[in-house]
Amino acid sequence: MAERYLEELTKIHDAVKQDLLGGRINLLLGWEKGHYWWQSRPLFAENEQDLERLTWDSFCAVNLSRYLLEELKDYQKIGVLVKGCDSRSFNRLLQDNMVARQRVVLYGLPCPGMLDYELLTATAEAELESIAEQNGIVVLRSAAGEKTVEREQLLLYKCRDCRYPDPVVYDQLLLAPRGEKEAPERYKSVTKLEEMPADERYTHWEKELSRCLRCYACRQACPYCSCRECFVEQDKPRWQGRAYQESENFLFHLVRAYHGAGRCIDCGECQRACPVNIPLQELNRKLIKDINELYGQFEAGLNADLEPPLLTYKPDDPAAFSEK
Amino acid sequence: MPRTGVFICHCGTNIAGTVDIARAIDASRNFPGVVHADEYRYLCSEMGQDLIKNAINENNLDRVVVGTCSPRMHEGTFRKAAAEAGLNPYMLEVANIREHCSWVHRDIEEGTPKAIALLRAAAAKVALNDPLDSPELEVEKRALVIGGGIAGIQAAIDIAEAGYVVDVVEREPSIGGRMAQLEKTFPTLDCSACILTPKMVEAAQHPNINLITYSEVEEVKGFVGQFDVKIKMKARSIDPVKCTGCGVCYEKCPAKAPSEFEMGMTKRKAIYVPFPQAVPNVPVIDRENCLYFKKGRCQICAKECPPQAVDYEQQDQIIERRYGAIIVATGFDQLDPSSYGEYGYGQHPDILTALEFERLFNASGPTGGKVVRLSDGKPPKKVVFIQCIGSRDKARGMNYCSKICCMFTAKQAILLKEKVPDAKSYVFYIDVRTAGKGYEEFQRRAAEEYDVAYLRGQVGKIFPEGDHLVVHGVDSLSGKVVDIKADMVVLAAASIARADAPEVGRIVGINSDSYHFFNEAHPKLKPVETHTAGVFIAGACQAPKDIPDTVAQAGAAAVKAIGLLSKDVLKGEACTAIVNQAECSGCLYCEAVCPYNAINHIEIEERYHEEMHKRTVAEVNPSLCQGCGSCSVACRSGSINLKGFTNEQILAEVDAICLQR
Amino acid sequence: MSTALNNNADGWDPLIVAFCCNWCSYAGGDLAGTSRMSYPANVKVIRVPCSGRLNPMFVLRAFQRGADGVLVAGCHPGDCHYSTGNYHSRRRLSSFKRLVEFAGFEPERFEVRWISSSEGDKFAEEMEAITGKIKALGPNRKMRDARWQNVT
Amino acid sequence: MATSSKTRLVEEMQKQSGQDPNGCFQCAKCSAACPVTAAMDLLPHQVIRYLQLGLEEELANSKTPWVCASCFTCAARCPRDLDLARMMEGVRLVMLRRREGNKFGPADLTPEQLAKLPQQALVSGFRKYNK
């Protein structure tokens, strides 16, 4: 079994229980253990009984803000546990008019970064039985014995270059803040790709995108994908061909990424949700990097009052065309 | 299935010389939906148009493609012809096979396939055309002018003369604005009041003009032709019908306050008219300084007023009125130079701004028209004028040139010499800018005939020494540092936008530049229009400008307003954006990019899980939309589309052009 | 490239789609015609009201359907008929251009130009230039829809 | 950008100071504000003018850059947001380096000297006398 952050969980539990029973919220969005010990899935708690399943551990990667889109149709007032990325997702939804601030209570959980099960097993080099964590160290227990690894080495890809582990918007902060972090390697893969010759780069993406099943899990997980009807499903016009082929896969992924230009909060849920491990975050990060270079530093989701860069302009903006 | 007719014009040999018409006709017959194809030597001629009309009727065509010259040339002609044959005029598309094909390609082999591709694209597009209507809206035949300075007065007179009713809203108790504060005007040295007062009186007496003074515009709703405006009339405390303007009230009033009109250099009474020629000549009570309003005692004015016009009970009033057009002419302010420590403005009575100095010449001004030092009442013998205070200053002031200072400084130096013949003027300048009729000659007269010393350079410090002010500056042309023992210093402070210009812009719905001057719709071709149809700008609220330019611009704005009011109904743009509200998720990115404020949001109700839910969606006002289509790109789900250039149509054109070479 | 195309480079002639705004660039194209300038017929113009109308998806569609190059032309920044359309398109298309390059397109395949209605000569020159660049690059196979390969 | 016609001195000065003399429109406010013009042979605005025109030799012979007290009044007053004091420092540095070249470096000093001399003096010395 994974170690639960028992002390923290008690704090969280007490805080939300009071609000749920007291009627401040009608539903709590949290996490509960899934089928496997290394899965923590969304919990939809309406009552005290449901709340008993609440968990808080190193596998609570799922972005809960995204679930507000559906749940707000059925519940008047919803409490959500938000990590740094979930809170910036909430700002994304708020700025896009998808949620009403006064109908949501945000419980802020500064986040230590979530662990990557695939990385854990790969590191253990055997089927894992359980893990234990202490002071930034993870003990991997398997049939092959115990192995001790630094926690930082085992983080999900999306967590490795996280700059804002602390929620940027909340009603109650339940845990101690961890402070902003540097992310020096955030654009490393993007830069590597940029340096390739065009044809090689195309071949790279051709290979990656050829795996795409067009299951649209990336879209479902994404806080910036909040359209009522996504372009891929429209018939009039039919933007996206239904055929399962390279050209259409490129179209989908380029347009998906482009729709996040200036809006993507870089939570990495798209990539985490992808069943075939397409490095989708690089497409999003490429856009973030370019927009920052061209139009000034901007982190989407930090402040819902700042207009996304593609909705505004300056008369003397630079351009990326061969003629300036 | 569409029934499209294709008509190809030879344009003499202009098209037929480079495009094989027969081949193009053959190809056109095979385009999807095309049931008829024909050609003619000059399709735009009457005979050519008849050919199209007859074919529409005979073949029951429901849409038309013409392969002709540019749509910018004859699209209107052919749309009209289609309409005469009973089609909606927007069921026609033009393939530009002349300017974009036959004229730029060398021979038949090059021109023909391209012409066919362009015709195929037009046929693919027209198959998706829908009938469109231009929105029609009635025009309220009344104009609103905001601001009663020379710009507002001129615009109002011009509109009134054209036969339309116009309301002028002025914030101050009297119209007149900045020009009323001036003694003389350059370059003719006309007395400002002598040319302005008749205009003020004309405005007041014109049957088509209503002056609404001591009032402010609070809210503007609606759109071109139908602006619904709320105007707040501040309580004047005087019944304007009874008041005869005799002036007894302000003679007797015991309470005083700094005079705004005299730039605070002298005092006025709590009941006052701002200046003797005020229009209307009806005083107001400044309730903040009135003893009765402050302490509940006094009422001398009411007791003394012969027609008993004083009314302490008067309340602010809101007027609600509809206007067809609005002219914004709210003028400018003068920068307060106190932030420039080196000039010592505000710390010495003989360091003045130009507007303050101007008042010294005026017979009703603070010195009764005597040009004297405020410190000791002696006439100044040496006056230093400093240019570009806060102008051309990107570090601490405004990056722009205020345009009028070079000229008013020359004027003031000349006036000074006339009032104080033994006075000597010095002007510190960076560049002398005198573009304007008679301006250069005027400035040269100052230098040559009035002995004004122009020093190219700036001033680093001013400090008092005995009775004098030492001006420490530099003359860059001689490369010498100079110290001038002056009696008075006049600062040409920058002309800046009114402090509340952003607020006015927000209320009226027009945007401003980074200095808060209102933006014209096009810097060259639409100098008085704004991005909000039906709202025009005039005068120094757009940028610093002198009186001739202001009056010219006011006339231009008036003509635009008259042109609008002369129509009974307005025909709007037919190709406007439209929202699919079932799909719209309400993110309102479209609203953010719309340059015309044509997109609003509304709440709609929707059934979900047996319950009604409210939801925000975007809505387009077709009267305001100009059809740029920027919103349709900001919308990720394509829920807002542009009629006439829909997503479907453009994709169909792309497909048609690419599919066959 | 995994997709083999039937058209070999010998008989190949590039197809270039140019989206032109109605008020400046399309009119610039008209002027090029009126002045009897000449440029290659490879360029086919689609008229849009404003470069701000240009949805990047139109560009991708053109590549899917076999365009070898795409050009967007609009009024010079500051001169937009709708005042702000090209300011928006400058930001949108700059980030989009970088994105398609990141996907592996050569920079020359997608370009944006500001051409005023008085710049007939510039219009013709730009059409000539982009055609030359695309000819040098050869046919575009990237993102091309395999189903359209047999089209003549 | 048009190709620059700036001389080496101006380019080096610009690199050192981050200030472009072409931003100046010669209003001469700096000269009017400067407290030490009495001791100068060229007025401050003239120094910028010379930089604009690339009059290197004349500048090299001028006392003004050396008289400048770096009081920054010119920078505080400049309406074009230029920092003339920095430009002056840039001119001085370029001149010094040209004149003095690699006069001495860390290797020329004994360990005792290096230990004894204040850090600031060392840094300043190397900046001036070591390219």
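Those protein sequence lines, which keep their order, are chains S, Z, R and P. Just so you know, the numbering used here puts 248 at position 248 of the first sequence, and the rest follows in order with no gaps. Just so you know, the numbering used here puts 576 at position 576 of the second sequence, and the rest follows in order with no gaps. Just so you know, the numbering used here puts 54 at position 54 of the third sequence, and the rest follows in order with no gaps. Just so you know, the numbering used here puts 112 at position 112 of the fourth sequence, and the rest follows in order with no gaps. Beta carbons are placed, not taken as given, at the ideal position from N, Cα and C, and that holds for glycine. Keep in mind it's a predicted model, so treat the numbers as computed, not measured.
Going straight from the alpha carbon of residue i to that of residue j, what length do you get?
i	j	result
residue 58 of chain R	residue 115 of chain Z	22 Å
residue 1 of chain R	residue 258 of chain S	Per-residue confidence for residue 1 of chain R stands at a pLDDT of 38, beneath the threshold of 50, marking its modelled position as unreliable; no derived number is given.
residue 93 of chain P	residue 65 of chain P	10 Å
residue 423 of chain Z	residue 490 of chain Z	14 Å
residue 664 of chain Z	residue 635 of chain Z	The structure shown does not extend to residue 664 of chain Z, since chain Z is modelled only from 1 through 661, so no value can be given for it.
residue 293 of chain Z	residue 168 of chain Z	29 Å
residue 438 of chain Z	residue 479 of chain Z	31 Å
residue 232 of chain S	residue 147 of chain R	19 Å
residue 263 of chain S	residue 117 of chain S	29 Å
residue 242 of chain Z	residue 306 of chain Z	10 Å
residue 456 of chain Z	residue 25 of chain P	12 Å
residue 523 of chain Z	residue 330 of chain Z	19 Å
residue 567 of chain Z	residue 162 of chain Z	13 Å
residue 287 of chain Z	residue 257 of chain Z	11 Å
residue 434 of chain Z	residue 442 of chain Z	9 Å
residue 42 of chain S	residue 32 of chain S	6 Å
Please return the same chain residues whose Cβ sits closer than 7 Å to the Cβ of residue i, not counting the five positions on each side in sequence.
i	result
residue 617 of chain Z	579, 581, 584, 586, 601, 602, 604
residue 544 of chain Z	332, 402, 403, 404, 495
residue 70 of chain S	none
residue 232 of chain Z	215, 216, 218, 316, 318
residue 511 of chain Z	505, 519, 531
residue 631 of chain Z	577, 590, 593, 594, 599, 640
residue 299 of chain Z	292
So, for residue i: in the same chain, excluding its five sequence neighbours on each side, which residues have a beta-carbon less than 8 Å away from its beta-carbon?
i	result
residue 373 of chain Z	349, 350, 379, 380, 487, 488
Determine, using beta carbons only, whether residue i comes closer than 8 Å to chain P.
i	result
residue 433 of chain Z	no
residue 676 of chain Z	In the structure as shown, chain Z begins at 1 and stops at 661. Residue 676 of chain Z is therefore absent and cannot be evaluated.
Within the same chain, show all residues whose beta-carbon is closer than 6 Å to that of residue i, passing over the 5 residues directly before and after it, in chain order.
i	result
residue 86 of chain P	17, 19
Exposed or buried, residue i, counting other C-beta atoms within 10 Å across all chains shown (16 or more means buried)?
i	result
residue 412 of chain Z	buried
residue 72 of chain P	exposed
residue 643 of chain Z	buried
residue 130 of chain Z	exposed
residue 155 of chain R	It is not possible to answer for residue 155 of chain R, since the shown part of chain R is limited to 1 through 152.
residue 59 of chain P	buried
From the beta carbon of residue i, is the nearest beta carbon of chain R less than 8 Å away?
i	result
residue 255 of chain S	yes
residue 76 of chain S	no
residue 294 of chain S	yes
residue 632 of chain Z	yes
Would you say residue i lies against chain S (beta-carbon separation less than 8 Å)?
i	result
residue 530 of chain Z	no
residue 608 of chain Z	yes
residue 125 of chain R	no
Within 8 Å of any Cβ in chain Z, is that where the Cβ of residue i sits?
i	result
residue 307 of chain S	yes
residue 229 of chain S	yes
residue 80 of chain P	yes
residue 37 of chain P	yes
residue 9 of chain P	no
Exercise. When you check each C-beta in the segment 645-657 of chain Z against every C-beta of chain R, which residues fall closer than 9 Å?
Worked result: 645, 647, 650, 651, 653, 654, 655, 657
Exercise. Residues in the segment 384-400 of chain Z with C-beta within 8 Å of chain P's C-beta atoms, listed in sequence order?
Worked result: 388, 392, 393, 394, 395, 396, 397
For this session: Could you list the residues in the segment 83-107 of chain Z with a C-beta less than 7 Å from some C-beta on chain R, going in chain order?
Result: 98, 99, 100, 103, 104, 105, 106
Exercise. Taking any Cβ of chain Z, which residues in the segment 61-86 of chain R have a Cβ under 7 Å from it, in chain order?
Worked result: 61, 62, 65, 66, 67, 82, 83, 84, 85
For this session: Using a Cβ-Cβ cut-off of less than 8 Å, give me the residues of the segment 124-155 of chain S that come near chain R, in sequence order.
Result: Residues of the segment 124-155 of chain S that bring their beta carbon within less than 8 Å of a beta carbon in chain R are absent altogether.
Problem set entry | Within 9 Å of chain R by C-beta, residues of the segment 58-82 of chain Z in sequence order | 69, 70, 71, 72, 73
Problem set entry | Residues of the segment 92-104 of chain R whose Cβ lies closer than 8 Å to any Cβ of chain S, in chain order | Cβ contacts with chain S come from 92, 93, 94, 95, 96, 97, 98, 99, 100, 101, 102, 103, 104.
Exercise. Which residues, taken in chain order from the segment 59-71 of chain P, show a beta carbon closer than 9 Å to some beta carbon of chain Z?
Worked result: none
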